[in-house]
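A short write-up of the structure that comes next.
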Amino acid sequence: MKVHVIYAHPLANSLAARLHEVVVDSLTEAGHEVDDLDLYADGFDPVLSAQGREDYHDTAINQAPVASYVERLKAADALVLCHPVWNFGWPAILKGYFDRVFLPDVSFRFEDNKIGPGLTNIRKLATVTTYGAKHWRAMVLGDPPRKNATRFLRVICHPKVQVQYNALYAIDTATPQKIDRYLAQVRRKMLAF
Ligand SMILES: Cc1cc2nc3c(=O)[nH]c(=O)nc-3n(C[C@H](O)[C@H](O)[C@H](O)COP(=O)(O)O)c2cc1C
């Protein structure tokens, strides 16, 4: 499969960076063709500008400023997001990627006044993430990142997309053993992806 990995963390010594390495290495080892997008390293501009907003619905021109990102997304059979949870959501650079790249006629389409999925090429979707909060605390708050990754992103992919959400909670108090177990679990999931 062609797997598009989208990674969002600014530090090379972060847990996210270790997870990212495991994701890319394990997918490659499993024989997948990995197209790895490191948003920070790429210098991705996450801001939807006034012109971008102006052109958002104009499908003749809206993709032009992010054409290479759209092309990579459309070429993929699967998507793997790797990022920490910040303010119970995606890091701004990843949120901005969605704002700028998930355009009308890219991630969704309007047909007969109905909205339909645009990323029907994506048949597998996974998230690999970590939280500072404990699991129960995230649950009390409704765990918005989990819902966005498993519900919102699901409906814009292929109708039969397989969705997987890997998360380690309470990272700030996790023992090295617990972190290693999570890294091993992510490796297993990616080898079997
Ligand atoms: C800007 C920022 C915002 C954060 N917001 C949250 C949050 O809302 N919920 C949460 O569970 N953890 C939050 N955290 C904790 C991160 O999830 C945690 O630092 C991260 O998972 C650790 O992984 P890393 O070493 O890859 O950064 C936040 C951390 C930062 C730096």
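Residue numbering for the sequence shown follows my numbering, starting at 39 and increasing by one per position.
We put the beta carbon where it would ideally sit given N, CA and C, even for glycine.
Of the other Cβ atoms in all chains shown, 16 or more fall within 10 Å of the Cβ of L65; this residue is therefore buried.
The chain-ordered list of residues whose CB is nearer than 5 Å to some heavy atom of ligand 1 reads S52, L53, A54, P122, V123, W124, N125, F126, T168, Y169, G170, A171 and I209.
Using a Cβ distance threshold of 8 Å, I194 and L117 do not count as a contacting pair. Restricting attention to D143, D150 and K162, the CA atom closest to the CA of G156 is found in D143.
DSSP lists no bridge partner for T188. The beta carbon of L86 sits closer than 8 Å to those of Y94, G134, D137 and R138, all from its chain and outside the five residues before and after it, given in chain order.
If you ignore the 5 residues before and after H70, its C-beta comes within less than 6 Å of the C-beta of M39 and V41, all in its own chain and listed in chain order. The segment 159-173 and the segment 201-209 touch, with no fewer than 3 CB-CB distances between them shorter than 8 Å. In this structure the segment 47-60 touches the segment 220-229; the number of beta carbon pairs closer than 8 Å is three or more. Taking 8 Å as the cut-off, the Cβ atoms of H121 and A230 do not count as close.
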